[in-house]
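**Student:**
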Amino acid sequence: MIRDASAFEQTIHSLRRFVRDKLIPREAEVEQRDEVPADLVDLLARQGFFGWSIPEDWGGAGMTTEELVLAAMELSQASVAFRARVGTNTGIGSEALVADGTPEQKDRYLPRLARGEITGAFALTEPEAGSDATALKTSAIRDGDHYVLNGSKCFITNAPIAGVFTVMARTDPRDPTAKGITAFLVDRDTPGLSTGPGYEKMGQAGSPVSEVYFDGCRVPASNVIGGREGMGFKTAMKVLNKQRIHLAALCTGPAIRMLDEAIAWTVQRRQFGQSIANFQLVQAMIADCQTEIQAARALILQTARERDEGKDVTMQASICKYFASEMCGRVADRCVQMLGGTGFIRGNPVERFYRDVRLFRLYEGTSQIHQLNIARRTISLAGFKLE
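Using numbering that gives the first Met the number 0, read the sequence shown as starting at 0 and increasing by one per residue.
#1: How many Å lie between Arg32 and Thr377 at the Cα?
#2: What is the rounded straight-line gap between the Cα of Ile140 and the Cα of Arg227?
#3: Who does Ala139 pair with in a DSSP beta bridge?
#4: Please list the segments of the alpha helix (DSSP H) lying wholly inside the stretch 39-108, counting only runs of 4 or more residues, in order along the chain.
#5: Can you grab the Cα-Cα spacing for the pair Ala263 / Phe17, in whole Å?
#6: Return the residue from the list Ile23, Gly346, Ser13 that minimises the CA-CA distance to Gly202.
#7: State buried or exposed for Glu386, treating a residue as buried only when at least 16 other CB atoms are found within 10 Å of its CB.
#8: Please state the DSSP three-state secondary structure of Leu246.
#9: Excluding sequence positions up to five away, which residues of its chain have a Cβ less than 8 angstroms from the Cβ of Ala27?
#10: Return the chain-ordered list of same chain residues with a C-beta closer than 6 angstroms to the C-beta of Ala303, the five sequence neighbours on each side being excluded.
#11: Taking 8 angstroms as the threshold (C-beta atoms), are Pro159 and Ser78 in contact?
#12: For Leu338 versus Ala261, is the C-beta distance shorter than 8 angstroms?
#13: Quick check for students: name the residue ranges of the alpha helix (DSSP H) that lie wholly in the stretch 312-355, counting only runs of 4 or more.
#14: Around the C-beta of Lys241, are 16 or more other C-beta atoms found within 10 angstroms, so that it is buried, or is it exposed?
#15: Taking three-plus beta-carbon pairs below 8 angstroms as touching, is the stretch 31-47 in contact with the stretch 90-98?
#16: Identify whether Ser130 lies in helix, strand or coil by the three-state DSSP scheme.
#17: I'd like the span of the beta strand (DSSP E) that includes Asp214, first residue to last.
#18: Pick helix, strand or coil for Asp186, following the three-state DSSP scheme.
#19: What residue range does the beta strand (DSSP E) around Met201 cover?
#20: Between which two residues does the beta strand (DSSP E) containing Leu380 stretch?
#21: Applying the criterion that 16 or more other CB atoms from any shown protein chain within 10 Å of the CB defines a buried residue, is Val266 buried or exposed?
#22: Using only CA atoms, which one of Phe213, Tyr212, Tyr198 lies nearest to Ser206?
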């Protein structure tokens with residue numbers, strides 16, 4: 000759903016120009032420094048990027064799902080680091096609050112997240128709880144008006160710079176199922192919370208990711224999201240259902256950019272006395288890229304609209320994330336192939352994206368987990384039950 004088509008068209012036009020003029024020229028700097036410079040973070044904040052999906056009542060843009068994915072496809076045509084810097088605030092770092100937070104919790108955190116004054120992080124994954132998210136071992140034991148958290152999280156985007164963490168912890172040690180999990184808001188300066196050094200990663204330079212540790216970390220009971228124990232896993236699934244649509248859009252933007260770069264190269268690159276864009280096998284790769292990009296875009300927009308209509312899009316969100324992340328990997332591979340040796344040399348946008356987008360098929364549900372989810376739901380919809 001687009002609330003005001005004319006105004007939103009202007010928003011997209013301005014965003015496209017901003018990405019082209021302000022972000023793309025500084026991609027190499029971000030990779031070299033392994034951080035988004037402070038002046039760009041400030042510019043992103045002043046432009047309202049941190050609050051895209053935060054409701055207007057708390058200072059955000061209140062974008063619908065359809066508006067969010069269209070904006071995400073534009074922003075993600077620049078280096079992955081830029082969308083990652085704002086993405087937790089306008090995605091998994093704020094969505095638990097938006098979906099299930101109490102009025103007091105929303106008033107306390109959402110305006111600051113929308114302004115980019117603090118960065119949010121979503122702390123679910125653990126060393127032994129990845130695809131099996133219910134296997135988490137981080138504990139939260141009630142002690143008067145507080146809970147005491149102990150445990151660790153890994154692969155947490157923006158953890159080194161986050162000001163507030165959405166943390167999933169087990170409040171009922173006797174219940175190993177999802178019902179024993181509760182969601183907490185934990186401030187950065189809470190004693191007992193610490194983060195590890197940023198990982199040295201294959202790609203996505205400029206997007207800090209690290210472990211998070213809880214050692215006797217005392218969190219006020221008022222920081223239980225929604226004010227109720229045992230609802231954490233349901234909250235996490237609400238967050239991930241929306242975020243998977245969002246992430247699918249964030250996979251599509253890089254594919255669009257890589258194809259643009261590959262076309263520009265093949266048109267000017269000459270072999271055998273002609274542009275290699277004339278070669279039919281090169282054209283086949285271009286056609287395959289364009290077809291898959293358009294298929295992903297259509298699928299994402301359809302699912303976003305259905306979510307805005309209030310429909311259950313659990314399976315469709317999984318399909319979006321699975322298809323778009325795999326599509327982006329195939330596009331990256333073809334574009335490197337079209338550039339030939341140049342595509343293998345550092346400093347080329349296609350080479351950087353080739354490394355950056357590999358992670359898309361792993362986080363927020365691996366492709367294999369999404370295959371299982373899609374298959375099981377399809378079998379269930381057909382009226383059958385698995386043993």
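Where a beta carbon is used, it is the ideal one built from N, C-alpha and C, also for glycine.
**Tutor:** Based on what the coordinates show:
#1: The count along the sequence shown starts at 1 and reaches residue 32 at position 33. The count along the sequence shown starts at 1 and reaches residue 377 at position 378. The straight-line gap from Cα to Cα measures roughly 46 angstroms.
#2: In the sequence shown, counting from the first residue as 1, residue 140 sits at position 141. In the sequence shown, counting from the first residue as 1, residue 227 sits at position 228. Going by the C-alpha atoms only, they are around 14 angstroms apart.
#3: Locating residue 139 in the sequence shown gives position 140, where the first residue counts as 1. Its beta-bridge partners are Leu148.
#4: 64-74, 79-86, 94-99
#5: Residue mapping note: residue 263 aligns to position 264 of the sequence shown, counting from 1. Residue mapping note: residue 17 aligns to position 18 of the sequence shown, counting from 1. Going by C-alpha positions, Ala263 is about 21 angstroms away from Phe17.
#6: Locating residue 202 in the sequence shown gives position 203, where the first residue counts as 1. Nearest C-alpha to Gly202: Gly346.
#7: In the sequence shown, the residue the question calls residue 386 occupies position 387. By the neighbour-count rule (16 or more Cβ atoms within 10 Å), Glu386 is not buried but exposed.
#8: For the purposes of this step, residue 246 is identified with residue 247 of the sequence shown, where counting begins at 1. Note: Leu246 maps to helix in three-state DSSP.
#9: Here residue 27 refers to the residue found at position 28 of the sequence shown. Same-chain partners within the cutoff: Gly346.
#10: Locating residue 303 in the sequence shown gives position 304, counting from the first residue. Here the set comprises Thr64, Glu65, Val68, Ile244.
#11: The residue labelled residue 78 in the question sits at position 79 within the sequence shown. The residue labelled residue 159 in the question sits at position 160 within the sequence shown. No; because the gap between Cβ atoms is not below 8 angstroms, this pair is not in contact.
#12: Residue numbering aside, residue 338 sits at position 339 when the sequence shown is read from its first letter. Residue numbering aside, residue 261 sits at position 262 when the sequence shown is read from its first letter. Cβ atoms of Leu338 and Ala261: closer than 8 angstroms.
#13: Those alpha helix (DSSP H) runs which fall completely within the stretch 312-355 and span 4+ residues are 313-338, 348-355.
#14: In the sequence shown, the residue the question calls residue 241 occupies position 242. Of the residues assessed, Lys241 falls on the buried side of the cut-off, its CB having 16 or more other CB atoms within 10 angstroms.
#15: Under the 8 angstroms Cβ criterion, the stretch 31-47 does not count as touching the stretch 90-98, having fewer than three qualifying pairs.
#16: Counting from 1 along the sequence shown, the entry for residue 130 is found at position 131. Looking at Ser130 - three-state DSSP - the assignment turns out to be coil, as it is neither helix nor strand.
#17: One-based indexing of the sequence shown puts residue 214 at position 215. 208-219 is the extent of the beta strand (DSSP E) around Asp214.
#18: Walking along the sequence shown from the start, residue 186 turns up at place 187. Asp186: strand per DSSP, three-state reduction.
#19: Translated into positions along the sequence shown, residue 201 becomes position 202. First-last for Met201: undefined, no H or E at that position.
#20: For the purposes of this step, residue 380 is taken as the residue at position 381 of the sequence shown. DSSP places Leu380 outside any beta strand (DSSP E); the residue lies instead in the alpha helix (DSSP H), whose first and last residues are 366-380.
#21: Locating residue 266 in the sequence shown gives position 267, counting from the first residue. Result: exposed.
#22: Numbered from its first residue, the sequence shown carries residue 206 at position 207. Checked all of Phe213, Tyr212, Tyr198; the closest Cα to Ser206 is Tyr198.
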